[in-house]
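Heads up, the thing below is written out as structure tokens.
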Amino acid sequence: MSKKSRIFVSFLSATLLAGTAGAAALTIALPTETAVYKPSALPGYELVQRNCMTCHSAQYVASQPATSPRTYWDATVKKMKKPFGATFADADIPAMVDYLTKTYGTEPVPAAATVTPSAPVVMQK
Ligand code: HEC
Numbered sequence: 450m451s452k453k454s455r456i457f458v459s460f461l462s463a464t465l466l467a468g469t470a471g472a473a474a475l476t477i478a479l480p481t482e483t484a485v486y487k488p489s490a491l492p493g494y495e496l497v498q499r500n501c502m503t504c505h506s507a508q509y510v511a512s513q514p515a516t517s518p519r520t521y522w523d524a525t526v527k528k529m530k531k532p533f534g535a536t537f538a539d540a541d542i543p544a545m546v547d548y549l550t551k552t553y554g555t556e557p558v559p560a561a562a563t564v565t566p567s568a569p570v571v572m573q574k
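Numbering (the numbering used here), first residue to last: 450 to 574.
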């Protein structure tokens, strides 16, 4: 390696190192978590996590208007099964609709079902 190219290589590694240090100091503010379902003590919470995460995140649910009544959630859950092809049991539908209506729709969350997460919600890989 000539002297000239050695100088170039050390310049290059110094530049790369500086670049890495810059990236380490970068702070990223994440948007509010909408990919996961809101925690709840309602039995439907566990069911939506099991049945509603296979095709899309909770984003679709979170973006529905808060004015959506029980009839809307009932029709939406049934639509996921037919025609969209979800494979959950019919027996799971009433509890999921109840959770969705009270968490994302027009009905209030019963005080007993309110959950305050003690730690940030972490998505499982
Ligand atoms: C078999 C795959 C599948 C499963 C499982 C599934 N969905 Fe969906 N979902 C879809 C598809 C496909 C769409 C439409 C996406 C689009 O229009 O781009 C959708 C859209 C939605 C929407 C947006 C509104 C709408 O009517 O399109 C909501 C809300 C929703 N899903 C809720 C749920 C809930 C709640 C569950 C669990 C009960 C669930 N999904 C499970 C496939 C699925």
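Glycine included, C-beta positions come from ideal geometry on N, C-alpha and C.
Measure the beta-carbon distance from residue i to residue j and round it to whole angstroms, keeping in mind my assumption that it falls under 8 Å.
i             : j           : result
alanine 437   : leucine 496 : Nothing can be reported for residue 437, as the shown portion of the chain is limited to 450 through 574.
threonine 552 : proline 518 : No, threonine 552 and proline 518 are not in contact; Cβ-Cβ is about 14 Å, not under 8 Å.
Whose CA, out of the options, lies closest to the CA of residue i?
i                 : options                        : result
threonine 503     : Thr550, Pro557, Ala535, Val564 : Ala535
valine 546        : Asn500, Thr483, Thr481         : Asn500
histidine 505     : Ala484, Asp539, Phe537         : Ala484
lysine 527        : Thr481, Ala515, Leu549, Pro488 : Leu549
glutamate 482     : Asp539, Gln508, Ala524, Phe537 : Gln508
threonine 520     : Pro492, Ile542, Thr476, Ala538 : Ile542
arginine 557      : Phe533, Ala515, Met529, Asp523 : The sequence as given places proline at residue 557; arginine does not occur at that position. Closest option to proline 557, Cα to Cα, is Ala515.
phenylalanine 533 : Thr525, Pro559, Gly493         : Thr525
I need the DSSP call for residue i, collapsed to helix, strand or coil.
i             : result
glutamate 556 : coil
glutamate 495 : helix
leucine 475   : coil
threonine 550 : helix
Among residues of its own chain, excluding the 5 on either side of residue i, which ones have a beta-carbon nearer than 8 Å to its beta-carbon?
i           : result
alanine 490 : Ala561, Ala562, Thr563, Val564
Among residues of its own chain, excluding the 5 on either side of residue i, which ones have a beta-carbon nearer than 6 Å to its beta-carbon?
i           : result
leucine 479 : none
alanine 511 : Thr483
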